[in-house]
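Here is the structure we will look at, set down as structure tokens.
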Amino acid sequence: MSYQTTTIAGMSGLDAHDERSRQAQWQADKWMMSGALFLGSAVFGIIGLPLFLRGLALQLKAQKAGLTVRPMMVTLIGYLVAVDAALNSIGWALDMVAHHTLLARVFLMAWGNMFDAGYFWHYNELWIGGASAPGEKAWEIALLPLVFSMRIAAAIGFLQMKRWGHQWLIITCWFGVVAWTGYIANMTIFADVRYTGVVFPVIGWWLYDIFYITPFLALPYLHSVNREIFSH
Amino acid sequence: MNKDQINELPLGTSPAFAGMHKWLQRGLIVCLTALVLEGAFTFPLLAMWYGWPTLSLQEICTEFERIRFSDESRECIYPYPLFGPAEGAGQTTARDQWGIQPKPQYKAIGYRELIQRRNDRLAAQTTESGGEP
């Protein structure tokens, strides 16, 4: 399909361009949204990647054809924030409400023994169940229902180019900076609990978790982009 | 930056921040790809390290529990009673150097070590029972 040559009956040139842009964006988003659902599920991520990349390619094609679609950076940040928050939520939801399932007692214990014994040491001993490391449960309660849920909502608004989406993504990415700082400080202070008897301590944890630094990549963009483009 | 290059900048990106946005975009793509690969492969690779498929997930769970609480009599109960107390509540066997910075006494578990650990125990039990399994 040639985006530029197709005409839409009864529409002015500008309206037709708008309509074609909207259709192209929606078509790309359908692929990317399906992909992101899989990506956020962790284990099925590999299925989601080609779907997501297909959507990304469609958006790029529309952009090259001269249509007014979302900037690539907005697309990448929006979907990455949502996927990052979903991945974080899975592990912590398992620990908060599903700590006695076989999956949690194998997967979280294995992860804990490998990288961070906050998920091994005296596990399932507190009355609330799950991780017993000092401070860990408090972070889960603060971050899971509050920060990560809000970040997914903000990412959706951001992808829709809404003003509130841009604003709330800034707010929740700063939450992310606070979360990183507080969480790392807590782990460092209680390093004996977290890293004694662990297969790949400290450096292993960093190598695994460094890819969750999404807020630090998003914030410089969010503060330097022309905010007038978020006008819906 | 000439006029053509400025016109080609993505919507919302000013010339002053074009370089920074380009590098941020590269970082975002790396993070997204890495998160997907981690998400897809962490569980199967961890399961293999800790002895699956030679050991069932429940057997791995049992070994973890015995190491965690330094108690060889423990079994991983599955399915766990929905409203039961936490499985480790009130346990007195786990070993730590207690203090303001508790230090656990268990050791890190090596590659496929849980299989060896279980085989050794079963062999010892067989010897104790005079060859009867």
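Going down the list, the sequences are from chains A and B.
For the first sequence, counting from 1, position 201 maps to 201 in my numbering; every step adds exactly one.
Each number in my numbering comes from the position in the second sequence (counting from 1) with 1000 added on.
Glycine is no exception: its CB is placed at the ideal position from the N, C-alpha and C atoms.
Query raised in the report: How would you call A/H223, buried or exposed, if buried means at least 16 neighbouring beta carbons within 10 angstroms?
Result: Position 223 of the first sequence holds residue 223 of chain A. Of the other Cβ atoms in all chains shown, fewer than 16 fall within 10 Å of the Cβ of A/H223; this residue is therefore exposed.
Query raised in the report: Quick one: what's got a C-beta closer than 6 Å to B/R958's C-beta in the same chain, skipping five residues either side?
Result: Nothing can be reported for residue 958 of chain B: it is not among the residues displayed for chain B, which extend from 1001 to 1133.
Query raised in the report: Just the Cα atoms here: how many angstroms apart are A/R70 and A/F190?
Result: Numbered from its first residue, the first sequence carries residue 70 of chain A at position 70. Numbered from its first residue, the first sequence carries residue 190 of chain A at position 190. Going from the Cα of A/R70 to the Cα of A/F190 covers about 44 Å.
**Report entry** Alpha-carbon to alpha-carbon, B/S1056 and B/E1072
**Finding:** Counting from 1 along the second sequence, the entry for residue 1072 of chain B is found at position 72. Counting from 1 along the second sequence, the entry for residue 1056 of chain B is found at position 56. When the Cα atoms are used, B/E1072 and B/S1056 turn out to be separated by approximately 18 Å.
Report task. Reducing DSSP to helix, strand and coil, say where B/K1103 ends up. Result -> The count along the second sequence starts at 1 and reaches residue 1103 of chain B at position 103. When DSSP states are grouped into helix, strand and coil, B/K1103 belongs to the strand group.
**Report entry** A/I77: first and last residue of the uninterrupted alpha helix (DSSP H) it sits in
**Finding:** The residue labelled residue 77 of chain A in the question sits at position 77 within the first sequence. DSSP places A/I77 in the uninterrupted alpha helix (DSSP H) bounded by 72 to 97.
Report task. Residues of the region 178 to 195 of chain A with a CB closer than 9 Å to any CB of chain B: list them in chain order, please. Result -> Cβ contacts with chain B come from I189, F190, A191, D192, V193.
Query - CB contact check: A/P145 to chain B, cutoff 9 Å - result: Here residue 145 of chain A is taken as the residue at index 145 of the first sequence, counted from 1. False, the Cβ-Cβ gap to chain B never drops below 9 Å.
Query raised in the report: Does the beta-carbon of B/G1099 have 16 or more other beta-carbons within 10 angstroms, so that it is buried, or is it exposed?
Result: Locating residue 1099 of chain B in the second sequence gives position 99, where the first residue counts as 1. Residue environment analysis places B/G1099 among the exposed positions, since fewer than 16 neighbouring C-beta atoms fall within 10 angstroms of its C-beta.
Requested in this report: Measure the C-alpha to C-alpha separation of A/I47 and A/P220 and round it to an integer number of angstroms.
Outcome: Mapped onto the first sequence, residue 47 of chain A falls at position 47. Mapped onto the first sequence, residue 220 of chain A falls at position 220. In a straight line, the C-alpha of A/I47 is about 31 Å away from that of A/P220.
Query raised in the report: What three-state label does DSSP hand B/Q1097 in the structure shown?
Result: To locate residue 1097 of chain B, count along the second sequence from 1; it is residue 97. Reduced to three states, the DSSP call for B/Q1097 is strand.
Query raised in the report: Would you say A/L80 faces chain B, with C-beta separation under 9 Å as the test?
Result: Locating residue 80 of chain A in the first sequence gives position 80, where the first residue counts as 1. Output row for A/L80: interface = yes.
Report task. Identify the continuous alpha helix (DSSP H) that holds A/K30 and give its terminal residues. Result -> Residue mapping note: residue 30 of chain A aligns to position 30 of the first sequence, counting from 1. Where A/K30 is concerned, the enclosing alpha helix (DSSP H) stretches over 13 to 39.
**Report entry** Straight-line gap, A/T5 to A/W168 (C-alpha atoms, nearest Å)
**Finding:** The sequence position of residue 5 of chain A within the first sequence is 5, counting from 1. The sequence position of residue 168 of chain A within the first sequence is 168, counting from 1. Here A/T5 scores only 49 on pLDDT, less than 50, and its place in the model is too uncertain to base an answer on.
Query raised in the report: What residues from chain B crowd round A/Y208, counting only those whose CB sits closer than 9 Å?
Result: Here residue 208 of chain A refers to the residue found at position 208 when the first sequence is read from its first residue. Listed along chain B are E1038, T1042, each with a C-beta nearer than 9 Å to that of A/Y208.
Query raised in the report: Under 9 Å between C-beta atoms, does B/L1122 make it to chain A?
Result: The sequence position of residue 1122 of chain B within the second sequence is 122, counting from 1. No Cβ of chain A is located within less than 9 Å of the beta carbon of B/L1122.
Query raised in the report: Between the beta-carbon of A/E140 and the beta-carbon of A/A154, is there less than 9 Å?
Result: The sequence position of residue 140 of chain A within the first sequence is 140, counting from 1. The sequence position of residue 154 of chain A within the first sequence is 154, counting from 1. The beta carbons of A/E140 and A/A154 sit no closer together than 9 Å.
Query raised in the report: Since A/Q160 contacts A/H100 with CB under 8 Å, what's their CB separation in whole angstroms?
Result: Your numbering for residue 160 of chain A matches position 160 in the first sequence. Your numbering for residue 100 of chain A matches position 100 in the first sequence. In fact, because the Cβ distance is near 39 Å, the residues do not count as touching under 8 Å.
Report task. Measure from the C-beta of B/T1013 to each C-beta in chain A and report whether the shortest distance is under 9 Å. Result -> Here residue 1013 of chain B refers to the residue found at position 13 of the second sequence. Yes, B/T1013 counts as interfacial toward chain A.
Report task. With a cut-off of 8 Å on the beta carbons, I'd call A/L67 and A/S21 a contact; round off their distance for me. Result -> What you label residue 67 of chain A is simply residue 67 of the first sequence in a count that begins at 1. What you label residue 21 of chain A is simply residue 21 of the first sequence in a count that begins at 1. Indeed they touch by this definition, with Cβ atoms about 4 Å apart.
Query raised in the report: By a C-beta neighbour count over all protein chains shown, 10 Å radius and 16 as the cutoff for buried, is A/N226 buried or exposed?
Result: For the purposes of this step, residue 226 of chain A is taken as residue 226 along the first sequence, with counting starting at 1. Looking at its Cβ environment, which holds fewer than 16 other Cβ atoms inside 10 Å, A/N226 is exposed.
Query raised in the report: Between A/S2 and the rest of its own chain, which residues show a CB-CB distance below 8 Å, the 5 nearest in sequence each way excluded?
Result: The residue you call residue 2 of chain A lines up with position 2 of the first sequence. Low confidence applies to A/S2: its pLDDT is 49, below 50, so where it sits in the model is not reliable enough to give any reading.
**Report entry** Beta carbon proximity, A/E125 to chain B, threshold 9 Å
**Finding:** Your numbering for residue 125 of chain A matches position 125 in the first sequence. Any Cβ of chain B closer than 9 Å to the Cβ of A/E125 would place that residue at the interface, and such an atom is present.
Query raised in the report: What are the residues of the region 1084 to 1101 of chain B that lie near chain A, defined by any Cβ-Cβ distance shorter than 7 Å?
Result: Listed by position, the residues of the region 1084 to 1101 of chain B near chain A (Cβ gap below 7 Å) are A1086, E1087, G1088, A1089, Q1091, A1094, Q1101.
Requested in this report: State the Cα-Cα distance for the pair A/T75 and A/I90, rounded to the nearest angstrom.
Outcome: Your numbering for residue 75 of chain A matches position 75 in the first sequence. Your numbering for residue 90 of chain A matches position 90 in the first sequence. Each residue's alpha carbon lies about 23 Å from the other.
Requested in this report: Compile a chain-ordered list of the residues in the region 87 to 113 of chain A whose CB is closer than 7 Å to at least one CB of chain B.
Outcome: Those would be L87, H100, L102, R105, V106, F107, M109, A110, W111, N113, in chain order.
**Report entry** Segments assigned alpha helix (DSSP H), at least 4 residues, entirely inside the region 1001 to 1036 of chain B
**Finding:** Considered as a whole, the region 1001 to 1036 of chain B harbours 1003 to 1007 as its complete alpha helix (DSSP H) runs of no fewer than 4 residues, in chain order.
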